[in-house]
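Read through the structure below, which is laid out as structure tokens, and then see the notes.
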Amino acid sequence: ISWLRKDYKLLVRFGVVGFSSLGVKIGVYVLLSRWLWPAGSRTVENIFAIAIAIVYNYTLHRIWTFKEQQAGHESFWRYAIVVVFGSSLDASLFWLGHEVFHFYDLLVLPTVAVIVSLFTYFAHKFFTFKGKSNPDLLVP
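Start counting at 1 in the sequence shown, then tack on 2, and there's your number in the working numbering.
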């Protein structure tokens, strides 16, 4: 639990960016699936929504969440690797929940988001945005 206390501000920022990214993803998904392409594949619509949310998410994490870690521009490539794994996990779990088990799509989206968030938090903290940390900025 000491890591939780140490990373409190980082976790709050990550949560704000993650929650707002989920809002972007769900907003794009609902726009596509309910208005623009109602007869379309829910899985394809979800993948498109993931792509839009990725750009939003990276930008905010780079300039706000992990700015103290002073990650260089090479963090983009590490981010891309995490995104490939995280997006694959997201799309696979959505497909499994909605297409295989026939759960309601708008219930599957936030459930999958929680699972993928756990993976991405640790991957971004220890891989994507690793760099020179300033511990004083991460401790409340």
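For each residue, glycine too, the CB sits at the ideal point set by N, CA and C.
- If you compare the alpha carbons of F131, V18, F50 with that of V30, the shortest gap goes to F50.
- With a cut-off of 8 Å on Cβ pairs, the region 73-93 is in contact with the region 119-133, counting three or more such pairs.
- Residue ranges of uninterrupted alpha helix (DSSP H) with 4 or more members, entirely inside the region 43-77 and ordered along the chain, are 44-62.
- CA-CA distance, A55 to W39, rounds to 19 Å.
- Just so you know, the alpha carbons of H126 and H104 end up roughly 32 Å apart.
- Collapsing the DSSP output to three states places Y10 in a helix.
- Distance from the CA atom of F131 to the CA atom of L33, rounded to whole angstroms, is 32 Å.
- Here DSSP, grouped into helix, strand and coil, assigns F16 to helix.
- Using a 10 angstroms sphere on the CB of G42, the tally of other CB atoms stays under 16, which defines it as exposed.
- In the DSSP assignment, S119 falls within the unbroken alpha helix (DSSP H) covering 107-125.
- DSSP places H100 in the helix class (H, G or I) of the three-state scheme.
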